[in-house]
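Protein chains: 2
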Amino acid sequence: MSQQKSAGIKDVAKNAKVAIATVDRVIHGRKGVSEKTREKVLKVIEQIGFKPNIMASNLAKNKVFVIGVMLPKVSSGSSYWELPLQGIIKAQKELNQYSVKMETYLFDHSDINDIRKQILNVINSNIDGLIITPKFADEMKILFQDCEDKDRPYVFIDSNIPQMNSLCSIQQPLYDSGKLAAELFSYCFNKGEILILHLKDPMDTEAIIRLKEKGMVDYFRETNSSILTRKEVLSNSEKTNIDKSIKKIMHDMPDIKGIFIPNSKIKHIARYLTEKKGSKIYLIGYDLLKENYEFIDKGVIDFLICSKPKEQGYRAYYLLFEYVVLRKEVKKEVIMPLDIITRMNYKFY
Amino acid sequence: MSQQKSAGIKDVAKNAKVAIATVDRVIHGRKGVSEKTREKVLKVIEQIGFKPNIMASNLAKNKVFVIGVMLPKVSSGSSYWELPLQGIIKAQKELNQYSVKMETYLFDHSDINDIRKQILNVINSNIDGLIITPKFADEMKILFQDCEDKDRPYVFIDSNIPQMNSLCSIQQPLYDSGKLAAELFSYCFNKGEILILHLKDPMDTEAIIRLKEKGMVDYFRETNSSILTRKEVLSNSEKTNIDKSIKKIMHDMPDIKGIFIPNSKIKHIARYLTEKKGSKIYLIGYDLLKENYEFIDKGVIDFLICSKPKEQGYRAYYLLFEYVVLRKEVKKEVIMPLDIITRMNYKFY
DNA sequence: CTGAAAGCGCTTACAG
DNA sequence: CTGAAAGCGCTTACAG
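Chains as they are written, first to last, in the numbering used here: chain D, 33 to 381; chain C, 33 to 381.
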């Protein structure tokens with residue numbers, strides 16, 4: 033039970049026979065210490081196992097760290113981006129007592145001028161770290177460059193650009209999510225056709241969509257399944273056009289048993305299937321958005337695959353806090369699990 | 033951008049024209065302050081929106097808080113209890129820089145004397161909070177009593193005893209998990225028989241098992257399903273006996289399509305089904321334990337329903353930290369979501 | 001290159 | 001009942 037106090041900077045100073053300020057200089061690698069002194073101090077630190085007390089350090093520093101958040105504004109079209117932001121706000125609330133503040137730089141993803149404006153705002157800010165999604169990578173290259181010049185850490189959520197020097201990327205296993213969807217279909221039926229329907233959205237990244245589709249197709253091939261897939265792309269126009277196009281497509285697929293939507297635009301199809309008569313068509317898509325609740329509760333949507341967008345925001349914020357404020361090392365990559373959401377468990381997410 | 037510093041205890045003292053020590057007394061409701069002074073100070077606190085700086089407070093207090101953990105030891109029979117402990121250790125690592133330490137009181141759940149010994153160890157300890165599972169409730173009543181006498185907060189994980197004054201209970205939606213299993217079966221087939229097989233375990237709580245079974249039965253009734261269920265109980269004896277018993281039961285169920293195991297003992301059945309020839313029998317159980325990896329990867333186990341035991345431990349520890357160290361208010365109850373684990377997504381959990 | 005001292009926002013004896 | 005002062009483990013000017 034001997035709650036033996038861990039060694040402090042004072043103990044190091046005493047043992048190394050130097051002043052506390054000198055120990056501080058060594059700890060933070062600041063200039064102005066002779067090599068000889070440096071080594072002496074480092075040796076003592078090693079010997080007595082000194083670990084700096086971060087709380088005391090931050091208290092003395094008397095500084096508030098700021099974490100910037102640059103994400104799309106929640107648009108009328110989709111509520112997806114409110115989820116990461118909720119997670120971020122939750123983390124900020126938890127970390128409120130520590131010296132961190134959040135600063136948001138939300139942009140209208142359909143307005144390139146607004147995106148540029150926010151990029152400049154971030155560049156000219158004094159934030160100590162940044163949470164960002166690597167959409168609009170071309171426009172944002174200059175921002176990443178600026179971050180690296182300033183040693184300002186940035187964390188990707190939702191997806192990743194592997195070439196970049198992000199502090200961490202928090203991402204979903206895209207390919208495997210397509211396989212998972214295929215597996216779920218296989219539990220529902222073992223022959224027939226599946227329509228892979230890509231309803232275009234300006235926020236889509238082609239590579240992401242393709243990975244999901246490839247996962248599905250590969251699963252059926254690897255398992256020698258008798259299920260066939262057919263891919264169609266629709267531009268995201270008005271309701272009546274979508275309905276007409278889907279009707280046409282499905283007319284060509286007499287043996288259709290399932291529809292897979294590789295982005296979060298599933299509500300349009302769900303609405304269509306709700307109104308349509310005929311035999312059961314299994315429906316699988318992505319993301320537990322507010323607008324999907326109704327359809328999953330009715331059983332029109334059978335499964336949603338979900339990569340915890342809220343938790344991605346939470347984790348990103350927490351990770352930056354640990355890196356910036358606590359000066360911990362952090363993982364370079366976080367892969368989120370793939371939650372399967374159904375009528376019976378969606379309430380608990 | 034005006035990083036306006038928030039008011040400190042010094043500002044309160046100055047505005048209220050009292051000493052800092054007096055403000056401190058008021059903040060913590062300590063004795064020795066006249067009612068008049070008290071009110072004056074409280075008014076100023078309200079006015080200038082003073083929030084104490086917990087980091088400074090803990091630094092000055094110079095005390096290490098201790099959180100106790102009383103859980104079953106990991107036994108050879110099942111690795112379940114290593115998961116909450118992993119979560120707890122993860123939380124402890126994250127909170128290492130704050131003034132918290134963990135103290136474990138693990139017991140051998142098959143040895144009543146060991147349980148009593150650990151209960152006494154906890155009672156005689158100086159811990160500031162306790163994480164515990166409400167198994168063996170009869171033996172533990174005296175411990176809960178002691179906690180309440182000492183104002184020592186305790187948090188339940190895994191399940192709950194509603195009558196107790198626990199600080200919080202972190203639990204799974206048991207009834208709904210049975211419904212979820214039924215729904216998953218319904219996706220796989222729409223008539224035939226399901227065997228609900230309860231393989232007895234000393235750690236089982238009858239009420240918990242019954243809730244899960246009821247969820248399943250209710251689902252089929254509510255959806256007017258043609259699927260029938262049949263319940264059997266087996267005592268957890270040796271391999272050969274189990275095999276013989278199952279064989280006998282299944283012989284009586286020619287139309288068996290699925291087996292539901294309402295606890296985490298699924299590996300015994302998975303092993304049996306692996307060796308057995310014949311038509312596909314869908315298998316659903318609980319908890320992603322190490323010993324299940326092999327069977328889920330092979331597809332012998334189709335679905336595992338999982339209430340994030342690791343995260344339960346993590347949350348419990350974090351919650352006690354927030355309550356004890358940060359003096360925050362915390363939720364009285366946390367309901368964990370029901371993860372669905374399959375061959376395609378188990379790797380990411 | 002090195003050190004003594006003030007200060008971060010609190011708590012805790014101690015004195016009155 | 002109230003206050004002045006030392007101290008928690010660091011950082012940050014400032015002086016030499």
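All C-beta atoms in this analysis are idealised placements derived from N, C-alpha and C, irrespective of residue type, glycine included. Predicted, not measured: the structure shown is a model, and the values here were computed from it.
In whole angstroms, give me the CA-to-CA distance for residue i and residue j.
i: D:D250; j: D:E361; result: 37 Å
i: D:G210; j: C:I274; result: 38 Å
i: D:E225; j: D:M285; result: 7 Å
i: C:S34; j: C:N85; result: Note that C:S34 has pLDDT 40, beneath the 50 cutoff, so the model's placement of it is unreliable and no number is given.
i: D:S198; j: D:Y186; result: 5 Å
i: D:G310; j: D:F292; result: 18 Å
i: C:I164; j: D:R70; result: 47 Å
i: C:I80; j: C:A39; result: 7 Å
i: C:D140; j: C:K125; result: 25 Å
i: C:V58; j: C:D371; result: 47 Å
i: D:I147; j: D:V357; result: 28 Å
i: D:D56; j: D:N128; result: 27 Å
i: D:H60; j: C:L138; result: 41 Å
i: C:G64; j: C:V50; result: 14 Å
i: D:E114; j: D:E78; result: 46 Å
i: D:L162; j: C:C200; result: 35 Å
i: D:P369; j: C:M376; result: 11 Å
i: D:E365; j: D:K340; result: 16 Å
i: C:E343; j: C:I202; result: 10 Å
Please name the residue, chosen from the options, that lies closest to residue i on a Cα-to-Cα basis.
i: C:K105; options: C:P194, C:Q118, C:F97, C:N256; result: C:Q118
i: C:Y76; options: C:I52, C:M102, C:D143; result: The sequence given here has Val at residue 76 of chain C, not Tyr. Of the candidates C:I52, C:M102, C:D143, the one whose C-alpha sits nearest the C-alpha of C:V76 is C:I52.
i: C:D319; options: C:Y378, C:S277, C:V357; result: C:Y378
i: C:N324; options: C:S38, C:L336, C:Y314; result: C:L336
i: D:R184; options: D:K342, D:V58, D:G100; result: D:G100
i: C:E238; options: C:L206, C:A213, C:L216; result: C:L206
i: C:K330; options: C:K223, C:Y346, C:I373, C:T306; result: C:T306
i: D:E264; options: D:I121, D:I174, D:L227, D:P234; result: D:L227
i: C:S258; options: C:T272, C:E215, C:F82; result: C:E215
i: C:E270; options: C:F252, C:K72, C:D236, C:K232; result: C:K232
i: C:L243; options: C:N295, C:I288, C:Y219, C:Q195; result: C:N295
i: C:M172; options: C:I288, C:E135, C:L103, C:D334; result: C:L103
i: D:V154; options: D:S142, D:I240, D:Q177; result: D:Q177
i: C:A213; options: C:Y314, C:G61, C:I151; result: C:Y314
i: C:K72; options: C:V96, C:T54, C:Q203, C:S142; result: C:T54
i: C:L229; options: C:S218, C:I240, C:E245; result: C:E245
i: C:R303; options: C:M282, C:M134, C:F327, C:K289; result: C:F327
i: C:S142; options: C:M248, C:P234, C:M282; result: C:P234
i: D:K289; options: D:L351, D:N222, D:D43; result: D:N222
Classify residue i as helix, strand or coil using the three-state DSSP reduction.
i: C:S218; result: helix
i: D:T255; result: coil
i: D:Y314; result: strand
i: D:S201; result: strand
i: C:I285; result: Inspection of the sequence shows that residue 285 of chain C is occupied by Met rather than by Ile. It is coil, neither helix nor strand.
i: C:G40; result: coil
i: D:M196; result: coil
i: D:M134; result: strand
i: C:Y355; result: helix
i: C:H230; result: strand
i: C:G61; result: coil
i: C:R262; result: strand
i: C:D190; result: strand
i: C:M368; result: coil
i: D:E361; result: coil
i: C:G210; result: helix
i: D:L320; result: coil
Chain D contacts made by the segment 210–224 of chain C, where a contact means CB separation under 7 Å = K211, L212, E215, Y219, C220
Unbroken beta strand (DSSP E) runs of length 3 or more, entirely within the segment 81–132 of chain C: which are they?
-> 97–102
Taking a Cβ distance cut-off of 8 Å, strictly less, list which residues of the segment 179–205 of chain D are near chain C, in chain order.
-> P205
Quick one: which residues of the segment 363–375 of chain C get their C-beta closer than 9 Å to a C-beta of chain D? List them in chain order.
-> I367, M368, P369, L370, D371, I372, I373, T374, R375
Near-chain C residues of the segment 114–139 of chain D (beta-carbon distance less than 7 Å), N- to C-terminal order = Q129, Y130
If contact means a Cβ-Cβ distance below 7 Å, which residues of the segment 235–261 of chain D contact chain C?
-> none
Between the segment 79–100 of chain D and chain C, which residues of the former have CB atoms less than 8 Å from a CB of the latter, in chain order?
-> N85, I86, M87, A88, N90, L91, V96
Going along the segment 338–363 of chain D in order, which residues come within less than 7 Å of chain C, judged by CB to CB distance?
-> L358
Taking Cβ-Cβ distances below 8 Å as the criterion, which residues of the segment 315–333 of chain D are in contact with chain C?
-> none
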